[in-house]
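What follows is one structure encoded as structure tokens, with my remarks underneath.
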Amino acid sequence: MEYLTRKDEIMMLAILRLGDEAYLVKLREYLNDSTAKKWSVGNVFVTLERLESLGFISPRIGEPTSKRGGKAIKFYRITRSGIESLKATKNLQDNMWDGLTDTVFND
Amino acid sequence: MALQTRYSMTKKIRTEYQKPPGFAGWVFRKLLCEKESRFLTGDYEEIFSELTIEKGIVKAQIWYWTHLFFTLPHILRRSLFRSGAMIKNYIKITFRNIKRQKGYSFINISGLAIGMACCILILLFIQDELSYDRYHKNAENIYRITYNEIIGGVYAEFALSPFAFAPAMKAELPEVISYVRFFRRTGLFTIAEKKFEERNILLADSTFFEIFSHEFIEGVPETCLDQPRSIVLTEESAFRLFGSVEIIGRTMILNEADELTVTGVIRNVPRNSHFRFNYVVSSSTILSKSERFRQLFQAWLSVFGWSYLLLDSKADINEIESKFEDIFERNSGSVARQYGIEAHMALQKMTDIHLRSKLQDEKDINSDIAYIYIFSAIAVFILGIACINFINLSTARSVNRAREVGLRKVFGAVKKSLIRQFIAESTGLAIIALVIAIIIAALVLPIFNDISGKFFSLAALNRPSVWLGAVSLVVLTGLIAGSYPAFYLSGFDPVRVFRSKFSNIRNRFNFRNILVTLQFVISIVLITSTLIIIEQIEFMKNKNLGFDKEQVVVARVRGTGIRQNLASFKNELRQRPDIIQFSCSESVPGRSNSVLTIFQEGRSENESHSMDIMSADFDFVETMGIEILYGRDFSRDFTSDTSGVYLINETAAKKLGWGNEAVGKLIGVSQELMNKVVGIVKDFHFKSLKTKIEPLVIILDPQHFNYISIKMRTDNVSETISFIENKWKEFESDRSFNYFFLDEDFDSLYRSEEKLEKILTSFAAIAIFIACLGLFGLASFTAEQRTKEIGIRKTLGAAASNVFLILSADFTKWVMIANCAALPAGYYLMKNYWIQSFAYPVNIGIGLIFEAFVLSILIAALTVGFQTLKAASANPVESLRHE
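Respectively, the protein sequence lines represent chains A and B. Counting in the numbering used here, the first sequence runs without a single skipped number right up to 760 at its last residue. Counting in the numbering used here, the second sequence runs without a single skipped number right up to 890 at its last residue.
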């Protein structure tokens with residue numbers, strides 16, 4: 654099982670969080686707000702493309718809207734294998750952190 | 008879930024769609040594939056619309072552009088990755104083609120490389136020429152005062168200006184921030200008993216270093232010239248005289264009189280300065296002791312040095328110039344009228360001096376903007392010729408690539424991608440050529456320096472501008488050379504290509520021939536121009552000048568030793584039988600004379616004339632071999648001669664209105680000082696042949712001289728010179744014996760023409776070479792394509808000579824046509840833009856045109872001949888066997 658990178662992990666969690674609203678513009682706004690870091694459109698786009706090509710997320714084409722100049726929205730949702738790799742990553746992290754939390758936070 | 012709802016709730020209601028910048032959208036569409044771009048641009052446009060509503064259109068635009076910019080790397084990487092496979096294939100095919108067709112590739116690449124090397128060097132040259140004087144902090148606001156006067160109808164424009172002028176302007180015009188005046192001398196420095204004869208010493212106002220920015224190693228720019236007897240040295244002269252640069256406060260004696268204190272050392276004057284110097288001495292040094300100089304510094308009508316102004320950056324030049332008249336009139340108008348002088352001043356921008364100023368008494372020889380144009384034109388021509396080679400050879404060989412194109416099309420390549428492939432291929436070749444070009448440029452740099460008179464080092468090649476130029480060269484040649492073949496090749500019809508008899512060689516009047524003709528037109532124009540320039544220079548060097556310049560050695564007298572003991576020095580020289588004659592004079596032919604106002608007997612003051620005047624000794628006419636037409640030479644037999652009688656030339660006699668009757672008449676430099684004209688000399692060229700012979704007055708004044716000219720026998724020249732040198736040393740222990748041969752010195756007047764000759768010869772040769780490379784390639788290709796035809800012709804009884812004629816007729820025809828266009832063009836250009844600037848132009852005969860014609864035909868024939876001969880003499884059995 655391949656582990657996710659930090660950026661991939663954050664992106665997938667964001668997709669989960671936004672549910673049906675998960676598409677590039679919203680994801681970027683959310684990430685900008687919650688990670689206190691500026692995400693460029695390209696950065697989000699490239700990450701999404703990569704996750705899609707790995708098969709962790711799958712696209713769903715929405716209706717074209719007028720405010721987008723008549724262009725359709727590409728929504729994303731997490732696939733089964735995406736969930737698996739999230740789980741594996743979380744497990745790994747928990748294992749690694751196990752018993753060290755106090756040492757790190759209280760020192 | 009709570010967060011999610013909050014998130015969608017807080018969003019403002021988005022209403023209207025705003026259209027983002029069109030160009031940015033276009034970039035996206037080009038870089039991304041159709042499917043991707045649809046979503047991504049949608050996302051972009053959504054954010055854009057929102058931002059427009061929230062923060063206004065300007066901020067939204069800025070956002071759009073910055074994001075596009077920062078997204079580009081991500082997107083580019085992706086799109087490159089996707090097309091990577093294809094690019095790999097293109098590169099592979101390019102290299103296979105280079106390898107398979109070594110000969111053609113060599114011709115293409117070497118032609119392009121030579122062309123590019125020329126361009127790189129020319130770029131260096133032009134950049135250097137344009138950089139003159141820009142290094143001064145105030146370069147844009149420094150102006151030189153120029154002075155022009157009309158005396159007796161003769162107009163003269165000087166780089167010099169009267170010294171009283173600049174201070175008056177500073178006092179009256181608020182726009183003038185500061186001024187500096189300086190003049191140049193040679194001098195003798197004494198440092199601890201050691202003597203140095205030095206040139207290029209400037210005597211300058213204390214503001215010199217405030218106006219001109221020079222980097223100080225030691226000393227303070229603002230105050231270093233404030234005190235009398237201060238001197239600033241350049242790094243190089245400091246090392247030569249003191250062996251160190253830490254010499255502030257050290258002393259040196261100028262001309263065995265003034266003790267100077269070193270107050271500063273500056274870095275050597277940059278080469279791209281329109282005047283260079285080795286020393287700057289405060290002018291107060293000389294003012295404090297010489298009444299004559301005090302007067303000169305307040306003079307309104309005599310010029311002997313240069314003045315520069317530092318103006319306010321907002322100053323209006325025309326307005327300032329319009330006030331000159333008034334200032335001049337108030338201060339010296341009446342005096343000027345009294346002497347019959349009409350004088351004007353003007354301003355000249357310092358940064359224009361190097362390329363656009365050709366006045367009398369420039370400090371150093373200036374360049375000419377024409378060189379910039381000529382060089383640029385040559386660069387374009389040569390690169391053009393190289394590109395034409397590329398176009399011709401690629402289209403000629405298109406048969407060989409036709410199958411590849413067909414196959415690619417069958418497999419779904421569209422015209423656009425094929426065009427991209429061919430342009431990429433030519434750009435690839437251009438890159439290879441560039442690498443070679445840089446190597447070539449580095450190798451020929453010394454030769455180029457010699458031709459152009461520059462001092463570029465290898466490091467000069469490693470400049471941002473050169474790299475930028477190189478990259479644009481690659482893109483340019485890639486596009487120019489690649490575009491025609493790309494459109495031509497990509498247009499092939501796959502169905503036609505795969506029919507076995509596909510061939511496109513025998514097209515009659517085609518683009519390729521026009522291009523070959525064009526190459527030869529350019530080359531022949533260059534050949535013709537070069538031949539005409541050579542002819543003109545030869546003409547000027549060999550024309551009878553009216554005096555005998557051969558076997559005359561001229562020495563410049565700077566010290567006082569010879570002046571004080573002139574009689575005994577002359578006696579020493581008379582001892583030597585190899586010396587035929589010698590004479591002292593103020594000037595010699597080829598060097599500049601004073602220009603004075605000449606008054607004549609029987610005319611009023613207002614009818615004066617401005618004429619060249621020089622003082623000379625009794626034997627001057629004889630030493631120079633000048634012919635006396637009327638009257639007699641100066642003669643020791645007439646005691647009255649010593650009061651200062653005149654010889655005038657024919658032109659002067661005509662100008663004075665006396666003609667042959669001038670002998671015995673009185674002329675003079677002022678109404679009070681009139682003296683007799685004893686003879687009229689035949690006109691001789693005392694200036695270069697670029698100008699008409701002007702009126703000249705020679706006054707007998709043996710005491711007033713700068714040069715000693717010595718005419719000697721042809722044998723034992725070196726012994727005679729060393730004899731003179733030894734005698735010289737006896738009289739002038741401090742000063743070295745500097746001499747030159749009169750003929751060489753006179754010929755050096757044509758140095759700029761010779762420079763042009765050198766430049767054109769080399770570039771014409773290169774242009775011809777590249778054009779011939781292309782012709783050679785084309786010829787061998789044609790011969791190769793027509794092997795079978797030749798074989799059949801020969802079996803049917805054609806002789807090798809017939810075949811040779813058939814094959815070469817084609818090329819000869821085009822070279823002939825090129826000649827028809829180029830010979831008149833070259834002739835016309837040179838006649839109207841170059842030759843006409845000479846007062847004594849050479850007559851361009853039909854012989855010279857014929858010479859150019861034969862030369863070009865010969866070169867073309869030789870180029871084509873070898874390949875053609877090989878094809879014509881081949882055994883037909885060989886070529887027909889495989890059918």
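Glycine included, C-beta positions come from ideal geometry on N, C-alpha and C.
- At the C-beta level, S592/B and S716/B come within 8 Å of one another.
- Shown in chain order are the members of the stretch 675–697 of chain A whose Cβ falls below 9 Å from a Cβ of chain B: Y676, L677, V678, K679, R681, E682, Y683, D686, S687, S693, V694, G695, N696, V697.
- Excluding five sequence positions before and after H711/B, the CB atoms of its chain that fall closer than 7 Å to its own CB belong to E593, S622, given in chain order.
- Residue environment for P831/B: exposed (fewer than 16 other C-beta atoms within 10 angstroms of its C-beta).
- Here Y139/B carries a coil assignment [DSSP, helix/strand/coil].
- Secondary structure of A178/B (DSSP, three-state): helix.
- For T537/B, no beta strand (DSSP E) encloses it; the enclosing alpha helix (DSSP H) starts and ends at 518–549.
- Straight-line spacing of the CA atoms in S530/B and K683/B works out to 59 Å.
- Taken in chain order, the whole alpha helix (DSSP H) runs of length 4 or more contained in the stretch 339–389 of chain B are 357–363.
- If only complete runs of 4 or more residues are kept, the stretch 404–463 of chain B shows the alpha helix (DSSP H) at 405–417, 422–459, in order along the chain.
- Non-local C-beta neighbours of F627/B in its own chain, meaning closer than 6 Å and more than five positions away in sequence, comprise S590, S592, ordered along the chain.
- From the beta-carbon of A725/A, the residues of chain B found nearer than 9 Å are R45, F46, G49.
- In this model, L862/B and I773/B are separated by some 15 Å (Cα to Cα).
- Considering only beta carbons, the part of the stretch 709–722 of chain A lying closer than 7 Å to chain B consists of S719, K720, R721, G722, in chain order.
- When DSSP states are grouped into helix, strand and coil, A623/B belongs to the strand group.
- At the C-beta level, E229/B and E242/B stay beyond 8 Å of one another.
- Counting every other CB atom within 10 Å of its CB across the protein chains shown gives D233/B a total below 16, marking it as exposed.
- Secondary structure at A689/A: coil, using DSSP grouped into helix, strand and coil.
- Under the DSSP definition of a beta bridge, G194/B partners with E205/B.
- Cβ-Cβ separation between I158/B and S615/B: approximately 7 Å, consistent with a contact (criterion under 8 Å).
- Ranking G638/B, Y186/B, D644/B, L131/B by CA distance to the CA of V688/B puts G638/B first.
- Residue burial annotation: Y656/A is exposed, with fewer than 16 other C-beta atoms found within 10 angstroms of its C-beta.
- Residues of chain A with a Cβ closer than 7 Å to the Cβ of S56/B are, in chain order, K720.
- Interface residue (Cβ-Cβ distance to chain A less than 8 Å): E53/B is classified as such.
- Proximity to T535/B across T270/B, N882/B, S297/B, I775/B peaks at I775/B, based on C-alpha coordinates.
- With distances taken between CA atoms, K877/B lies nearest to F783/B out of N839/B, F845/B, F783/B.
- Membership of G226/B in the beta strand (DSSP E) is indicated by the continuous run 223–226.
- Contact between the stretch 59–77 of chain B and the stretch 687–699 of chain A is present, with at least three C-beta pairs closer than 8 Å.
- Annotation note: the stretch 663–709 of chain A contains the following uninterrupted alpha helix (DSSP H) runs of length 4 or greater, listed N- to C-terminal: 677–688, 694–707.
- Inclusion of S433/B and A488/B in the CB contact set at 8 Å is warranted, their separation being smaller than that value.
- Restricting attention to E760/B, I392/B, D619/B, the CA atom closest to the CA of I541/B is found in E760/B.
- Restricting attention to L131/B, F132/B, I813/B, F744/B, the CA atom closest to the CA of V560/B is found in F744/B.
- Cβ-Cβ separation between Q367/B and A173/B: approximately 19 Å, too far for a contact (criterion under 8 Å).
- The three-state secondary structure of F770/B, taken from DSSP, is helix.
- DSSP, read as helix, strand or coil, puts R730/A in strand.
- Taken through DSSP and simplified to helix, strand or coil, P883/B comes out as helix.
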